[in-house]
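Taking it in order: structure first as structure tokens, then the write-up.
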Amino acid sequence: MYETSYHRPSSLADAASLLANASDGRLIAGGQTLIPTMKQRLAAPSDLVDVAGIAEMKSIAVEGDTVSIGAACTHSDVATSDAVRGAIPGLAELAGMIGDPAVRHRGTLGGSLANNDPAADYPAVVLALGATIHTDRRQIAAADFFDGMFSTSLEDGEIVTRVVFPIPEKSAYAKFRNPASGYAMAGVFVARMKDGAVRVGVTGASGNGVFRSAEIEKALLDSWSPAAIEPLTISAEDMLSDIHGSAAYRANLVKVMAKRAVAAIA
Amino acid sequence: MSTIALKVNGKDVSTEVEDRALLVELIREELKLTGTHVGCDTSQCGACVVHVDGVAMKSCTMFAVQANGADVRTIEGVAEGDALHPMQAAFAEHHGLQCGFCTPGMVMTAIDMVRRLGNDLDEATIRHELEGNICRCTGYQNIVKAIKAGASAMAS
Ligand SMILES: Cc1cc2nc3c(=O)[nH]c(=O)nc-3n(C[C@H](O)[C@H](O)[C@H](O)COP(=O)(O)OP(=O)(O)OC[C@H]3O[C@@H](n4cnc5c(N)ncnc54)[C@H](O)[C@@H]3O)c2cc1C
Ligand code: FES
Chain A
299 MYETSYHRPS SLADAASLLA NASDGRLIAG GQTLIPTMKQ RLAAPSDLVD VAGIAEMKSI
359 AVEGDTVSIG AACTHSDVAT SDAVRGAIPG LAELAGMIGD PAVRHRGTLG GSLANNDPAA
419 DYPAVVLALG ATIHTDRRQI AAADFFDGMF STSLEDGEIV TRVVFPIPEK SAYAKFRNPA
479 SGYAMAGVFV ARMKDGAVRV GVTGASGNGV FRSAEIEKAL LDSWSPAAIE PLTISAEDML
539 SDIHGSAAYR ANLVKVMAKR AVAAIA
Chain B
3 MSTIALKVNG KDVSTEVEDR ALLVELIREE LKLTGTHVGC DTSQCGACVV HVDGVAMKSC
63 TMFAVQANGA DVRTIEGVAE GDALHPMQAA FAEHHGLQCG FCTPGMVMTA IDMVRRLGND
123 LDEATIRHEL EGNICRCTGY QNIVKAIKAG ASAMAS
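If you read the protein sequences in the order shown, they are chains A and B.
Just so you know, we're using this note's numbering here: the first sequence kicks off at 299 and counts up by one.
Just so you know, we're using this note's numbering here: the second sequence kicks off at 3 and counts up by one.
Encoded structure:
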């Protein structure tokens, strides 16, 4: 790992100015992606600005029809939060399926979204529920946030501060883990919103990163049951193909995970 | 370089570290507490798990400066004098190890498991919770037995 200078600001304003004044500064939250990347010398920031201790980025609150979660909340904070479990149990379950206990104790919601790994779990729920990503500069709709694998619409130095999730009528997540890494080979978040709309987010499977499956949404709108998904053939065209599974295998996994998620709350 | 102050196994430590130094490097190379192991250095094996403010974390995936002000506990700090921690005793009793390399991380993870999930752990839960700890010898059978027994022993 190359040398770096570490900073631990206690406010968002200080974090932003530290970043702005660094020659090649980078935010660090849980470090569960960035530290391994730095070890491999794939990243070599001159300065690290740690947002993990910023109080305004750590709270979780139910506000009206939404759950608002600070970007520095760890996966474990989200998985065990009574507010999240009460309002959006599918979201708490998803957070509890990320990595392993030690990774969940450090990794954060904001870090996961900023990284936008095509096999990460959070993008599925953020896109499916149509959450809003709040930054130190603006608010970004989920539909405008994810921009292909490892890419987002965040600008240089922009800090994700919190994510606001609409509370659905019901929702669930099913994930087929890569047995070695634990990341999703296919992860499907299904939700029925309070206005009756059905929204489905798919991660892990596509070469373009997270996406919504219009055909699964339509089938579930007609009938909310695993059987409604059964006749579908998910196209393998954009699916990832690697040593872990072919595109056709992943396309089929999407269907199986969607059925499992619906079955869990049918 | 940064000057940091933290507690390690109950003792105050104040030292200067490179900002890029990992917590496990501070623990092993500077404090000479070599019970915490590095198995993979890629955040996957769990041999380096320690408790930071009571919570299990991979010390290979955290900077030493991030532990500034924290209370760190390593495998050397769980026994009380000569009396093994109940979880250590259970690993010995149930032979939850062969080569022993993963054992410190297993024990620290197991104690954290009890903190979060209580003393009555079933086999499926224990296996699931061991997601981040790899053992290449035992096939896990006796590790799972040891954790189950250690968890209930911790109740008394
Ligand atoms: C063994 C292992 C298994 C894992 N398994 C899974 C899994 O199954 N599913 C899954 O989804 N993930 C998995 N992960 C990744 C984990 O969820 C990470 O926590 C997550 O990807 C990054 O979050 P972080 O807080 O650690 O971010 P960091 O590593 O600190 O940062 C990642 C990137 O995000 C940027 N960043 C951080 N915070 C912010 C912010 N607030 N605003 C803007 N940019 C920010 C950083 O600059 C950096 O570029 C795994 C990781 C490990 C080590
Ligand atoms: S050495 Fe830290 S997880 Fe393997």
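Just so you know, even glycine gets a beta-carbon here, dropped at the ideal spot from N, CA and C.
Cβ neighbour criterion (16 or more within 10 Å) applied to residue i
i: Cys139 of chain B; result: exposed
i: Asn135 of chain B; result: buried
i: Ser309 of chain A; result: exposed
i: Asp520 of chain A; result: exposed
i: Phe448 of chain A; result: exposed
i: Glu131 of chain B; result: buried
Nearest candidate by alpha-carbon position, reference residue i, set the options
i: Pro250 of chain A; options: A:Ile541, A:Arg460 and A:Gly494; result: Any question about residue 250 of chain A goes unanswered here, given that chain A covers just 299 to 564.
i: Val458 of chain A; options: A:Asp375, A:Thr335, A:Ala412 and A:Gly394; result: A:Ala412
i: Ala327 of chain A; options: A:Asp398, A:Arg404, A:Ile386 and A:Ser357; result: A:Arg404
i: Met115 of chain B; options: B:His97, B:Met89, B:Cys101 and B:His96; result: B:Met89
i: Ala545 of chain A; options: A:Thr430, A:Ala400, A:Ala559 and A:Ser533; result: A:Ser533
i: Thr111 of chain B; options: A:Gly408, A:Ala400, A:Thr406 and A:Leu407; result: A:Ala400
i: Ser379 of chain A; options: A:Gly397, A:Asp363, A:Ile358 and A:Ala369; result: A:Ile358
i: Glu133 of chain B; options: A:Val360, A:Arg402 and A:Ala370; result: A:Arg402
i: Gly12 of chain B; options: B:Cys104, B:Glu82, B:Asp124 and B:Ala157; result: B:Glu82
i: Val74 of chain B; options: B:Ser158, B:Met156, B:Ala155 and B:Ile6; result: B:Ile6
i: Ala495 of chain A; options: A:Leu551, A:Ala517, A:Gly502 and A:Met299; result: A:Ala517
i: Thr302 of chain A; options: A:Lys337, A:Ala503 and A:Ala381; result: A:Lys337
Beta-carbon spacing of residue i, residue j below 9 angstroms
i: Asn414 of chain A; j: Val488 of chain A; result: no
i: Ala422 of chain A; j: Val486 of chain A; result: yes
i: Arg497 of chain A; j: Leu427 of chain A; result: yes
i: Ile145 of chain B; j: Leu99 of chain B; result: yes
i: Met483 of chain A; j: Gly543 of chain A; result: yes
i: Asp122 of chain B; j: Ala151 of chain B; result: no
i: Gly505 of chain A; j: Met537 of chain A; result: yes
i: Cys371 of chain A; j: Met355 of chain A; result: yes
i: Asp363 of chain A; j: Pro464 of chain A; result: yes
i: Ala470 of chain A; j: Val560 of chain A; result: yes
Residue i, DSSP secondary structure in three states
i: His305 of chain A; result: strand
i: Gly384 of chain A; result: helix
i: Lys516 of chain A; result: helix
i: Ile145 of chain B; result: helix
i: Pro464 of chain A; result: strand
i: Gln100 of chain B; result: coil
i: Glu18 of chain B; result: strand
i: Ser366 of chain A; result: strand
i: Thr372 of chain A; result: strand
i: Ser504 of chain A; result: strand
Residue i CB to nearest heavy atom of ligand 2 below 8 angstroms
i: Ala49 of chain B; result: yes
i: His53 of chain B; result: no
i: His39 of chain B; result: yes
i: Val74 of chain B; result: no
i: Ser479 of chain A; result: no
i: Gln68 of chain B; result: no
heavy atom of ligand 1 below 8 angstroms from residue i C-beta
i: Met395 of chain A; result: yes
i: Leu452 of chain A; result: yes
i: Ser366 of chain A; result: no
i: Gly107 of chain B; result: no
i: Ile457 of chain A; result: yes
i: His373 of chain A; result: yes
Within-9 angstroms CB hit, residue i to chain C
i: Tyr300 of chain A; result: In the structure shown, chain C does not exist; the protein chains are A and B.
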